[in-house]
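Asks:
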Amino acid sequence: MPKTIISTTEAPAAIGPYSQATRAGNLVFCSGQIPIDPKTGELVAGGIEAQTKQALANLSEVLRAAGASWADVARTTIWLVDLGDFAVVNRIYGEVVGAEPPARVTIQVSALPKGAAVEIDAIAHV
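First residue of the sequence shown: 216, per my numbering; consecutive thereafter.
Shown next as structure tokens:
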């Protein structure tokens, strides 16, 4: 099964040797999105709420570029530098994913690229 690279200028460019997403058959594998403003290339200011909203907005654009939406997402992973931010992230995430949320894993890590507080990836079926 051939792999197709998914890319959009509406989300930040990859900051390493990886693709924003790849499609293999009916599955779309979205790389983790951190809260970088795609217009400036800089981490957004405003704390965990602003960072979570930007990471989800970036991921939404990658999904859109793949022909998918949050309704197609089967699983996500959320990495948090501070698990104390879980309630805020959970609330914002819930507003985006809707009434039928995907399966999810949330993990605390010691650090994320560019000093981000949150990173989110997704796997979708299209």
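Cβ atoms here follow ideal geometry from the backbone N, Cα and C, with glycine treated the same way.
How would you write the range of the alpha helix (DSSP H) that residue 274 sits in, first residue to last?
Replies: From DSSP, the alpha helix (DSSP H) with residue 274 extends over 262 to 280.
Asks: How big is the Cα-Cα spacing for residue 240 and residue 256?
Replies: Rounded to whole angstroms, residue 240 to residue 256 spans 31 Å at the Cα level.
Asks: Apply the 10 Å Cβ neighbour rule to residue 291 and answer buried if 16 or more other Cβ atoms are within range, or exposed otherwise.
Replies: Counting Cβ neighbours within 10 Å, residue 291 comes out buried, since at least 16 surround it.
Asks: What's the gap between the Cα of residue 320 and the Cα of residue 217?
Replies: So the two alpha carbons sit approximately 28 Å from each other.
Asks: Going by DSSP in three states, residue 324 sits in which element: helix, strand or coil?
Replies: Coil.
Asks: Taking the Cβ atom as the reference point for each residue, do residue 311 and residue 258 lie within a distance shorter than 8 Å?
Replies: Cβ atoms of residue 311 and residue 258: not closer than 8 Å.
Asks: Exposed or buried, which one is residue 219 when buried takes at least 16 other CB atoms within 10 Å?
Replies: It is exposed - the Cβ of residue 219 has fewer than 16 other Cβ atoms within 10 Å.
Asks: Taking DSSP as the reference, what is the three-state secondary structure of residue 254?
Replies: It is coil, neither helix nor strand.
Asks: Output the distance between the C-alpha atoms of residue 282 and residue 273, rounded to the nearest integer angstrom.
Replies: Going by the C-alpha atoms only, they are around 15 Å apart.
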